[in-house]
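Those sequence lines, one after another, are chains H and B. Per my numbering, the first sequence starts with residue 1, numbered consecutively. Per my numbering, the second sequence starts with residue 486, numbered consecutively. Ideal Cβ positions, reconstructed from N, Cα and C, are used throughout, including at glycine.
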Amino acid sequence: MIDQELTALLLYPLLGGLLLALLGAKKWAAELNSLMSFCTFAASVLLAIGVVDSGPQVAFSEQFFIDQFNVFLVMLTTFVAFTTSLFSRPYMRIEQEHGKLSTPMLHLYYSMYQLFTFTMLVALTANNMGIIWVAMEAATLTTVLLVSLYRTPASLEAAWKYFILCGVGIALALFGTILLYFAAERVLGQGGDALLWTHLNQVKTELEPTVLKLAFVFLLVGYGTKIGLVPLHSWLPDAHAEGPTPISAVLSGLLLNVALCAVMRSKVLVDGSLGTHFAGNLMMGFGLLSVVVASLFLSRQKDLKRMFAYSSVEHMGLITFAFGMGGPVASFAALLHMTMHSLTKSAIFFAVGHAVQTAGTQQMANIRGILQISPTIGWGLLLGTFAILGMPPFGVFASEFLIISTAMHAYPWTTPFLLVALGIAFSAIFGKIQPIVFGETTAKRLPHSPALLPVFSHLLLVLIFGLYMPLYLANWYRQAAALLG
Amino acid sequence: MMGAQTISLTVQFVNLLAALLLLIVFAMLSQRRILSLINLFAWQGLVLSVSTFVVAYSTDQPHLYYSAWLTLLLKVIALPWLLHRLIRKLNVKWDVETLINIPTTMLVGIALVIFAFNLAAPISQLSEGITRGLIGIALASVLLSLLMMLTRRKAISQVVGFLSMENGLFFAATSSTHGMPLVVELGIALDVLVATFIFGIFFFQIRETFDNLDITHMEKLKDD
């Protein structure tokens, strides 16, 4: 039933990647990139409508599985990928004008951008836990050369770290997947079906608990490297700071979510097998540690993009923590926070990208008075910062409030840590952004007009979510949360 | 439970190969010369491929023959050939790495093996037949390869460590579960191949920027 929509969803980015790889960085490559991203987004909307109306479904002889949880991530991914492609059009043009990028680099960028979207969508929709792993690794492979796109020593170092650390992490996740298969084989028998999530989900209570326990540890550590959980996060700030800004936006807003989706799929199985809160406790521990450590690192940052990368570590920690707590309210809050974080953080990276282009540096001490040169970029950055810091009426406030109030009931001892960490993060980020936005400047205007639509459309959505959540969406999220347990 | 007297010849052979695999990883850990390191990696691939053939034969799993052939092609022929080509082009064929404290590294390695066996003990209890105890060896070689990546300062040796880790994982898959589904194995093989190409591109970029392949230059990005 959903075969057509799913085919379209996966075919557009694959086709786009191949077309852009074959045709090269023509003048209209940016437009083609956006067009393909838009078609992918449209396909995801159709897919989402089908799934939300008629419930979880499998497609293509059960190789793909769509439920309310992953279709929400699919839609978020394709939407942010589309707006990021809109942002990258003027951004990359300005970079080229500043002499930072050559045509072959753009060629690589556009084709890999589409293939990256493709790998993420496969990782989200695949039913086979092994294929999810393959797609996650492929997502690293498509972005690693983009992180080193500028060929500066720092960007090479960042890309190497990203490659090696995520490679090691993902190798551990493969070991976890092998253990999962080992347990599954004993119940489901040999063959390709034993790694299908839907089949595993049906027999999860029969899976051997000792094996699944160990498997989950490996899966969490492995995919956790990709999520950027402390202490496995050290690739993340480097990769986000040194790569081109559109890539920082999609890495931070999307790839981290995709990795978390894989962890959640495993968690459902492990919970069923163990019947205890083991997986949840582990996730809460890693999540809380990430929130606290990242907030402490925030105040020491001097690089603008690096600071927001640490903010991503903090928020992913918060989401992991909320998923770890479990239950309908906490999972609902985590899903909401995932959405809010993706939208807000990518909007911030769009604004930050243009701010860095006007100032010509990422060092925060040398960026001043963005508001004077370009009021729109300045306001975008300021409002985005307000939103990510959890100021009402933005949606991040609502989701953080839900998470903290749930924590207060279920695990009261965690609340002081969370509140203090969020407070530190607030003062650190706000104290640094304020002089960047206001203040005097001598910087020049950009040669092209910046991309405003992506920034403000994201912020508007975040604002709407904060003020009013449509019933349709609330039901959708509730169903997704119920699936996660 | 299988008694010692009933252990068949094939099981003994696979056990021998597993021990050989572990030995090769230890040899890699202490090998200073890049060229020998790559040759050791090729040997490791060969042992892996032979053991997959044996498991395929003894359990009568046709799809394991495919993965055995795949291993032979990819890990014994294609990847070592690619790496040889790379080091020839980069003129690092005769490079010797200064490794500090090989004895200490070996001791840490032994500790890791003990740790791996302990971790895998409950799982070995569950598995029957050919697979008993092998998952411990597989995990040990994964951890030892990880240790190798940590102790090396040359980009190429780190990559060989990465690939050897993947070999350990592959061994875990064939020995403990009779191989993952073929579509997954093909996907993994594709990923590894693409990764090696990208590593190759990286070597050239790194050398162009830093004049050599030492990753000690690449420790600038830090939070002070």
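Local conformation of residue i per DSSP, three classes
i: residue 394 of chain H; result: coil
i: residue 128 of chain H; result: strand
i: residue 66 of chain H; result: strand
i: residue 460 of chain H; result: helix
i: residue 303 of chain H; result: strand
i: residue 505 of chain B; result: helix
i: residue 363 of chain H; result: strand
i: residue 196 of chain H; result: strand
i: residue 486 of chain B; result: Interpretation of residue 486 of chain B is limited by its pLDDT of 41, a score under 50 that renders its predicted location unreliable; the figure taken from the coordinates is listed afterwards. Correct three-state label for residue 486 of chain B: coil.
i: residue 337 of chain H; result: helix
i: residue 412 of chain H; result: coil
i: residue 490 of chain H; result: Summary: the structure shown does not reach residue 490 of chain H, with chain H confined to residues 1 through 485, and so no result is reported for it.
i: residue 442 of chain H; result: coil
i: residue 233 of chain H; result: coil
i: residue 667 of chain B; result: helix
i: residue 469 of chain H; result: coil
i: residue 479 of chain H; result: helix
i: residue 98 of chain H; result: coil
i: residue 162 of chain H; result: helix
Below-8 Å beta-carbon distance, residue i vs any chain B residue
i: residue 151 of chain H; result: yes
i: residue 185 of chain H; result: yes
i: residue 210 of chain H; result: yes
i: residue 114 of chain H; result: no
i: residue 160 of chain H; result: yes
i: residue 157 of chain H; result: yes
i: residue 181 of chain H; result: yes
i: residue 148 of chain H; result: yes
i: residue 128 of chain H; result: yes
Proximity test, Cβ basis, 8 Å: residue i and chain H
i: residue 588 of chain B; result: no
i: residue 553 of chain B; result: no
i: residue 662 of chain B; result: yes
i: residue 694 of chain B; result: yes
i: residue 486 of chain B; result: Reliability fails at residue 486 of chain B, whose pLDDT of 41 lies under 50, so the model's placement of it is uncertain and the value that follows must be treated cautiously. Not an interface residue.
i: residue 608 of chain B; result: yes
i: residue 669 of chain B; result: yes
i: residue 600 of chain B; result: no
i: residue 563 of chain B; result: no
i: residue 701 of chain B; result: no
i: residue 672 of chain B; result: yes
i: residue 533 of chain B; result: no
Counterpart residues of residue i in DSSP-defined beta bridges
i: residue 696 of chain B; result: Partner(s): none; residue 696 of chain B has no beta bridge.
i: residue 581 of chain B; result: B/518
i: residue 58 of chain H; result: H/65
i: residue 639 of chain B; result: B/699
i: residue 190 of chain H; result: Beta-bridge pairing links residue 190 of chain H to no other residue.
From the options, residue whose alpha carbon lies closest to that of residue i
i: residue 421 of chain H; options: H/369, H/288, H/336 and H/179; result: H/288
i: residue 240 of chain H; options: H/55, H/127, H/346 and H/332; result: H/346
i: residue 622 of chain B; options: B/657, B/703 and B/559; result: B/657
i: residue 634 of chain B; options: B/506, B/683, B/516 and B/560; result: B/516
i: residue 150 of chain H; options: B/546, B/660, B/694 and B/522; result: B/694
i: residue 228 of chain H; options: H/121, H/458, H/312 and H/357; result: H/312
i: residue 556 of chain B; options: B/580, B/598 and B/653; result: B/653
i: residue 686 of chain B; options: B/641, B/647 and B/650; result: B/641
i: residue 604 of chain B; options: H/215, H/275, H/368 and H/322; result: H/215
i: residue 509 of chain B; options: B/649, B/619 and B/601; result: B/649
i: residue 388 of chain H; options: H/37, H/426 and H/266; result: H/426
i: residue 45 of chain H; options: H/71, H/31 and H/23; result: H/71
i: residue 576 of chain B; options: B/599, B/698 and B/619; result: B/698
i: residue 565 of chain B; options: B/593, B/519, B/501 and B/610; result: B/519
Any non-hydrogen atom of the ligand FMN within 7 Å of residue i CB
i: residue 310 of chain H; result: Judged by which ligands are present, the structure shown has none, so any question about the ligand FMN falls away.
Original post:
Taking a cut of 7 Å between CB atoms, which residues from the region 131-145 of chain H lie near chain B?
Top reply: 131, 134, 137, 138, 141, 144 and 145
Original post:
Listed in chain order, which residues of the region 228-246 of chain H have Cβ atoms closer than 7 Å to some Cβ of chain B?
Top reply: 238
Original post:
Name the residues in the region 310-340 of chain H whose C-beta lies less than 7 Å from a C-beta of chain B; which are they?
Top reply: none
Original post:
Given a limit of 9 Å on CB to CB distance, which residues of the region 87-111 of chain H reach chain B?
Top reply: none
Original post:
What are the residues of the region 622-656 of chain B that lie near chain H, defined by any Cβ-Cβ distance shorter than 8 Å?
Top reply: 624, 627, 631, 634, 640, 643, 647, 650, 651 and 654
**OP:** With 8 Å as the C-beta to C-beta threshold (strictly closer), list the residues of the region 676-688 of chain B near chain H in chain order.
**Re:** 676, 679, 680, 683, 684, 686 and 687
Original post:
For the region 167-178 of chain H, which residues have a CB atom closer than 7 Å to at least one CB atom of chain B, in sequence order?
Top reply: 167, 168, 171, 174, 175 and 178
Subject >> Selection of the region 494-528 of chain B by Cβ proximity to chain H, strictly under 9 Å >> reply: none
Subject >> Interfacial residues, the region 557-582 of chain B to chain H, with Cβ spacing under 7 Å >> reply: none
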